[in-house]
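*Asks:* My questions will all concern the structure given below.
Structure below.
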């Protein structure tokens, strides 16, 4: 068969397979090759806590086997293949078999980098000790799982959503877990300090100790294994396993070495066509930065739905480039949610801290209201914070915390924030009301009215 | 004390108390009087199924006692007081004590009618037999409750949300229940026929028999008590209790006798200020019709959140009329949800049938997708139907049915439909993704993409 063009997609977790499949859909005559340095592609990294908890083998998180993907999508898949270097302007790629070490050069018309992000370790002593883990890949998941035993002491550093989920999974696996939440803040960055600290008491379950300290070093035994951690309160916490859940960083080296520019967030800078500044090179997924529509700032939003969306845009443009047709990415209104320890927390748009940082004149209102009519099963108090811009009352962000109904309600705010709604208008929305699922006046409505009163007392 | 003005509010269930309180807030110097012909005001009629089920006394549904409301809101409350007639243009009202029968005339500057809607009985033989009930008021709830016993045969006629909820409550109270759902349609009017009939198998629980027939008459014993019902399949179903859940009608007599006009829906016609055509007369709640923003049609939407919103607008305008300031009601995007028999169903905007009826060129797409990541507790298949207008792809309505996550997702569609979004734009929304609460691609997103494919194959 004669191909119309050849497209290399580098990175096989989420954005890569999505981009490869979309490129092939866009131009069925193209040769599309997906490169992955590890042994698996297309897996659900967000379900890793199930593996750590036990009962779900990491293999179950794989959405497509390599061969299945090839057959179903018409894409060539090369696992165990590292792409060492690309020169997109010269249509060259250098690859290496990670098992045999054999390397070779290949020609491609176009390149899509989907190298993702890596979990980072803090810059502390012995951060790479045996039994000191990060959690990002299926290998990480298996490593943590096989290290945890009932009764074993585990320290989880960081109370972002990964830290919370890993801590909960380790508790369920029977470990005695210490969760380090610096400053006593739960979900910092997603929740403003008031809610982040108010949430701390909810992270209580048997087998878990929450401490408001920061990890400052790892102490190892003579064999180089984790023995304890030290904190900024000069406390020593004995443990056999440490999990760092302290953040991720975009994996940009392959693209930057080919000349791609980094943006203000530290991730790859791309146009709204997901094009880098390098000829023939597009990028997508957790390695790129995106425009946050609320404040027009370029930010790194390593969330799966965003990865899928950028992948589709990158692939359509790469596959149709030079042959008409284009697809634009119209930015992100960040939205995330977590459900752990029996509570739900969600955050959409900007926190007050982010709004202030962007120089917006903003204020926050906090309300608490029933998630359902209180006589009904599952009803509980839901805390809602709205972040609102003065003087017009534009909704900039929402944070919701409660045992019930936080995550799905957050979705309601996504289009409102994206469309720059003023809070007055929420007052005119007709939300569903049915006692077993929602109270007559929805918490979102109550929050809007509180914001209106604050804006125009 | 000298009052600035006097305002009579007639009807004490939901819109009435809301209007009275808002009128007093708008003009604290006004004398505001709330008239209610029964003995209680301000109750949650939607929680009546709990009373029928047992364990919750009907008194618990009362939000404010009359005296408590007076003290807290500064409104005079007259219970057991029927308003027989009003002459707003002449500032007159004729009231009657329903216990003593004493009647009198009073002067008011302004009038707000919030007379609500009544549950209707079908025009069939013996519809008013002993033990043949409707369910609308607390008295109805108590009457049904005290008639139902474990093992007793009960027929519920109508499978709208009231019928479903009453049937479920009666089953929980131990009754043997037959639910008559004409045509086998569950939630007709809220769900198009395809979903309405597909839902029928979900309405299965021990103690309940679902039949696709329509009730044609009630058979009574010599004492005039219910003995059986006959159906349009000429079947006789023996039973001791019948509950009609066949619809409601706006209670408009008081206003129309004063000269108020009825609109195309049969409810009171009002302006967007909730003003009737009669001088000094406003109306709100379940007795008025409202503009459905999706197709600009005037319709009767007897839902609690709409009642509250219309009440606030009516009250602000009545209280501030002649002294500047006005408040506009900007129509309704109908949204409703129900949770019964372990499933949730929700409907927003127009069904395909309603869209066709309004002469819109519309089509429907149906998808099914996971409500959460399928490995997680609570995950189940969610059916979503989008109703979309050709040729541009405006979203006209959404229907969601499943065991999980239908109702809250429906709320997401409310602002989209109100703002005349095209489905392409849903493709750009970032919904929250977290395995225990939502899959990576939300069902709403999947439905949008299906609609896009249908629109532009």
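Residue numbers (my numbering), protein chains in the order written: chain A, 1 to 457; chain B, 1001 to 1457. No residue lacks a Cβ here, since even glycine has one placed at the ideal position from N, Cα and C.
Here's the rule I'm using: 16 or more other beta-carbon atoms within 10 Å means buried, otherwise exposed. How should residue 1399 (chain B) be labelled?
*Replies:* When all chains shown are included, residue 1399 (chain B) counts as buried.
*Asks:* Check residue 426 (chain A) in the structure and name its three-state DSSP category.
*Replies:* Helix, per DSSP.
*Asks:* Hey, is residue 405 (chain A)'s beta-carbon within less than 8 Å of any beta-carbon in chain B?
*Replies:* True, the Cβ-Cβ gap to chain B drops below 8 Å.
*Asks:* Excluding sequence positions up to five away, which residues of its chain have a Cβ less than 8 Å from the Cβ of residue 404 (chain A)?
*Replies:* Excluding sequence neighbours, residue 404 (chain A) sits near 344, 371, 372, 378, 379, 380 and 382.
*Asks:* Can you tell me the Cα-Cα spacing of residue 330 (chain A) and residue 45 (chain A), whole angstroms?
*Replies:* For residue 330 (chain A) and residue 45 (chain A), the distance between alpha carbons rounds to 25 Å.
*Asks:* Can we count residue 447 (chain A) as close to the ligand ZN, meaning its CB is less than 7 Å from some heavy atom?
*Replies:* No copy of the ligand ZN appears in this structure; indeed no ligand is present at all.
*Asks:* Three or more C-beta pairs under 8 Å: does that hold for the stretch 1078 to 1091 of chain B against the stretch 1105 to 1112 of chain B?
*Replies:* Segments in contact, yes.
*Asks:* If you measure between the beta carbons of residue 1098 (chain B) and residue 1037 (chain B), is that distance less than 8 Å?
*Replies:* Yes; because the gap between Cβ atoms is below 8 Å, this pair is in contact.
*Asks:* Which residue or residues does DSSP assign as beta-bridge partners of residue 431 (chain A)?
*Replies:* Its beta-bridge partners do not exist; DSSP assigns none.
*Asks:* For residue 369 (chain A), which residues does DSSP report across the bridge?
*Replies:* Looking at the DSSP assignment, residue 369 (chain A) forms a beta bridge with A:382.
*Asks:* Between A:66, A:138, A:311 and A:394, which lies nearest to residue 49 (chain A) when the distance is taken from Cα to Cα?
*Replies:* Measuring from the Cα of residue 49 (chain A), the nearest candidate turns out to be A:138.
*Asks:* Going by CA-CA distance only, name the one from A:11, A:2, A:5 and A:438 that's closest to residue 255 (chain A).
*Replies:* Looking at the Cα atoms, A:11 is the closest of the given residues.
*Asks:* Between the stretch 46 to 59 of chain A and chain B, which residues of the former have a C-beta closer than 9 Å to a C-beta of the latter?
*Replies:* Per Cβ criterion, the list reads 46, 47, 49, 50 and 56.
*Asks:* Round the Cβ separation of residue 423 (chain A) and residue 395 (chain A) to the nearest angstrom and send it over; I've been treating them as touching at under 8 Å.
*Replies:* Their Cβ separation, rounded to whole angstroms, is 5 Å, which keeps residue 423 (chain A) and residue 395 (chain A) in contact under 8 Å.
*Asks:* DSSP three-state call for residue 418 (chain A): helix, strand or coil?
*Replies:* Helix, per DSSP.
*Asks:* Does the Cβ-Cβ distance between residue 1327 (chain B) and residue 1014 (chain B) come in under 8 Å?
*Replies:* Going by C-beta atoms, residue 1327 (chain B) is not nearer than 8 Å to residue 1014 (chain B).
*Asks:* Using the rule of at least 16 other Cβ atoms within 10 Å of the residue's Cβ for burial, across every protein chain shown, is residue 1188 (chain B) buried or exposed?
*Replies:* Under this definition residue 1188 (chain B) is a buried residue.
*Asks:* Drop a sphere of 10 angstroms on the beta-carbon of residue 442 (chain A), count the other beta-carbons inside from all chains shown, and report buried for 16 or more, exposed for fewer.
*Replies:* It counts as buried.
*Asks:* Leaving out five residues on either side along the sequence, give the residues of the same chain with a beta carbon under 8 Å from the beta carbon of residue 130 (chain A).
*Replies:* If we look at residue 130 (chain A) and ignore the five residues flanking it on each side, its Cβ neighbours are 220, 223, 224, 225 and 226.
*Asks:* Nearest chain B C-beta to residue 333 (chain A) closer than 8 Å, yes or no?
*Replies:* Closer than 8 Å: yes.
*Asks:* Taking only the alpha-carbon atoms, compute the straight-line gap between residue 211 (chain A) and residue 1003 (chain B) and give it to the nearest angstrom.
*Replies:* Going from the Cα of residue 211 (chain A) to the Cα of residue 1003 (chain B) covers about 60 Å.
*Asks:* Tell me which residues of the stretch 194 to 222 of chain A have at least one Cβ-Cβ distance to chain D shorter than 9 Å, keeping chain order.
*Replies:* Structure shown: chain D not included; protein chains present are A and B.
*Asks:* Where does the unbroken beta strand (DSSP E) through residue 1178 (chain B) begin, and where does it stop?
*Replies:* First-last of the beta strand (DSSP E) with residue 1178 (chain B): 1176 to 1180.
*Asks:* So residue 1002 (chain B) contacts chain A; which residues on that side make the cut at Cβ distance below 9 Å?
*Replies:* Going along chain A, no residue has its Cβ under 9 Å from residue 1002 (chain B), so there is no contact; the nearest lies around 27 Å.
*Asks:* Among A:310, A:286, A:313 and A:25, which has the Cα closest to the Cα of residue 300 (chain A)?
*Replies:* Taking only the C-alpha atoms, the option nearest residue 300 (chain A) is A:286.
*Asks:* In the DSSP output, which residue or residues are listed as bridge partners for residue 78 (chain A)?
*Replies:* Answer is A:35, bridged to residue 78 (chain A).
*Asks:* Is any beta-carbon of chain A found at less than 8 Å from that of residue 1305 (chain B)?
*Replies:* Chain A contact via Cβ: present.
*Asks:* Mind listing, in chain order, the continuous beta strand (DSSP E) runs of no fewer than 3 residues lying wholly within the stretch 1062 to 1137 of chain B?
*Replies:* Counting whole runs of 3 or more residues, the stretch 1062 to 1137 of chain B contains the beta strand (DSSP E) stretches 1076 to 1078, 1081 to 1087, 1092 to 1097, 1103 to 1107, 1110 to 1113, 1117 to 1119 and 1132 to 1134.
*Asks:* Does the structure place the stretch 244 to 262 of chain A close enough to the stretch 276 to 286 of chain A that three or more beta carbon pairs sit under 8 Å?
*Replies:* Verdict: yes, contact present.
*Asks:* In the structure shown, what three-state DSSP assignment does residue 1277 (chain B) receive?
*Replies:* It is coil, neither helix nor strand.
*Asks:* If residue 1033 (chain B) sits next to residue 1076 (chain B), beta carbons under 8 Å apart, how far is it from one beta carbon to the other, in whole angstroms?
*Replies:* Sure, about 4 Å apart at Cβ, within 8 Å.
*Asks:* Please report the distance separating the alpha-carbon of residue 1058 (chain B) from that of residue 202 (chain A).
*Replies:* The straight-line gap from Cα to Cα measures roughly 34 Å.
*Asks:* Check each candidate in A:154, A:69 and A:42 and name the one with the smallest Cα separation from residue 172 (chain A).
*Replies:* Measuring from the Cα of residue 172 (chain A), the nearest candidate turns out to be A:154.
*Asks:* Cβ of residue 1330 (chain B) less than 8 Å from any chain A Cβ?
*Replies:* Chain A contact via Cβ: present.
*Asks:* Once the 5 residues before and after residue 6 (chain A) are set aside, which same chain residues still bring their CB inside 6 Å of it?
*Replies:* Only 31, 108 and 109 meet the Cβ criterion.
*Asks:* Please say whether residue 431 (chain A) and residue 444 (chain A) have beta carbons closer to each other than 8 Å?
*Replies:* In contact: residue 444 (chain A) and residue 431 (chain A) (Cβ atoms closer than 8 Å).
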